[in-house]
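Engineer:
2 protein chains.
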Amino acid sequence: MKEAVFAVIYPDADTFEAHAEAVLEMLPGTRDFPGCIEAHVGINRERCEIGVFHLWESPEHLNRYLDWRAERGDLDARSATMRREQDFRTFSVP
Amino acid sequence: MKEAVFAVIYPDADTFEAHAEAVLEMLPGTRDFPGCIEAHVGINRERCEIGVFHLWESPEHLNRYLDWRAERGDLDARSATMRREQDFRTFSVP
Chain A
4 MKEAVFAVIY PDADTFEAHA EAVLEMLPGT RDFPGCIEAH VGINRERCEI GVFHLWESPE
64 HLNRYLDWRA ERGDLDARSA TMRREQDFRT FSVP
Chain B
4 MKEAVFAVIY PDADTFEAHA EAVLEMLPGT RDFPGCIEAH VGINRERCEI GVFHLWESPE
64 HLNRYLDWRA ERGDLDARSA TMRREQDFRT FSVP
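Going line by line, the protein sequences match chains A and B. All you need for the numbering used here is the position in the first sequence, starting with 1, plus 3. All you need for the numbering used here is the position in the second sequence, starting with 1, plus 3.
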């Protein structure tokens, strides 16, 4: 079954633009990763939030992607400038 | 600019399956609505949550869609069996 990711990131207000740019720059690498069907990033400057949506062919494809990001340190680099931990939820897509 | 919707719905546990079915049945009407680029629904039975993602050509297209759903009473019908209010967030998509 397909797997969706819904994440909301809460960057520090003073590093919001740099954080949003970094998340947008990750998008082509996500879309090119095996098993990625869709990936979108949204910005809300009023609430100072970044929304990330992915759709994957399976939970296994998503897990391989997350391992790859973790190995590269892409996720650690961003977490240093968050005002609170991101909200990361996964769902099965029938 | 494109507009994304990230919604998480928290149905009552005892009506979860009926609620998920009703949300999935709304999907073709959403995809057919003018301005809808993407619409996906995910299910998480462990957390008893339904995730809804939409991507729209503009905020105006989304607003017309929400007005249409409200006029039909589609949203009221579901809200009666939620254990708490849904989390509904919008984002601009660059």
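Glycine included, every Cβ here is placed at the ideal spot set by N, Cα and C.
Report the partner residues of valine 44 of chain A according to the DSSP bridge assignment.
Structural biologist: What you label residue 44 of chain A is simply residue 41 of the first sequence in a count that begins at 1. According to DSSP, valine 44 of chain A bridges with A:Val55.
Engineer: Quick one: residues in its chain with C-beta nearer than 6 Å to the C-beta of aspartate 15 of chain B, no 5 flanking neighbours on either side, listed in chain order?
Structural biologist: The residue you call residue 15 of chain B lines up with position 12 of the second sequence. Only Thr84, Arg86 meet the Cβ criterion.
Engineer: Going by DSSP, what residue range makes up the alpha helix (DSSP H) through phenylalanine 19 of chain B?
Structural biologist: Start at 1 with the first residue of the second sequence, and residue 19 of chain B comes out as number 16. From DSSP, the alpha helix (DSSP H) with phenylalanine 19 of chain B extends over 19-35.
Engineer: Assuming contact is defined by CB atoms lying nearer than 8 Å, are valine 55 of chain A and valine 96 of chain A in contact in what I supplied?
Structural biologist: Stepping through the first sequence from its first residue, residue 55 of chain A is reached at position 52. Stepping through the first sequence from its first residue, residue 96 of chain A is reached at position 93. In this structure, valine 96 of chain A does not lie closer than 8 Å to valine 55 of chain A by Cβ.
Engineer: Within 8 Å of any Cβ in chain B, is that where the Cβ of glycine 45 of chain A sits?
Structural biologist: Looking up residue 45 of chain A in the first sequence gives position 42. It does; some Cβ of chain B falls within 8 Å.
Engineer: Going straight from the alpha carbon of glutamate 60 of chain A to that of aspartate 35 of chain A, what length do you get?
Structural biologist: Position 57 of the first sequence, counting from 1, holds the residue named residue 60 of chain A. Position 32 of the first sequence, counting from 1, holds the residue named residue 35 of chain A. Near 13 Å, if we compare the C-alpha coordinates of aspartate 35 of chain A and glutamate 60 of chain A.
Engineer: Can you tell me which of the three DSSP states arginine 50 of chain B falls into?
Structural biologist: Counted from its first residue, the second sequence places residue 50 of chain B at position 47. Correct three-state label for arginine 50 of chain B: coil.
Engineer: Buried or exposed, going by whether 16 or more other CB atoms sit within 10 Å of the CB of alanine 80 of chain A?
Structural biologist: Against the first sequence, residue 80 of chain A aligns to sequence position 77. By the 10 Å Cβ count, alanine 80 of chain A comes out exposed.
Engineer: Assign alanine 21 of chain B to buried or exposed, taking buried as 16 or more other Cβ atoms, counted over all protein chains shown, within 10 Å of its Cβ.
Structural biologist: Residue mapping note: residue 21 of chain B aligns to position 18 of the second sequence, counting from 1. Classification for alanine 21 of chain B: exposed.
Engineer: Tell me, please, whether the stretch 65-79 of chain A touches the stretch 30-50 of chain B by the rule of three or more beta-carbon pairs shorter than 8 Å.
Structural biologist: Verdict: no, contact absent.
Engineer: Return no unless some Cβ of chain B is closer than 8 Å to the Cβ of serine 82 of chain A.
Structural biologist: Working through the first sequence from its first residue, we reach residue 82 of chain A at position 79. Not closer than 8 Å to any Cβ of chain B, the Cβ of serine 82 of chain A fails to qualify, so no.
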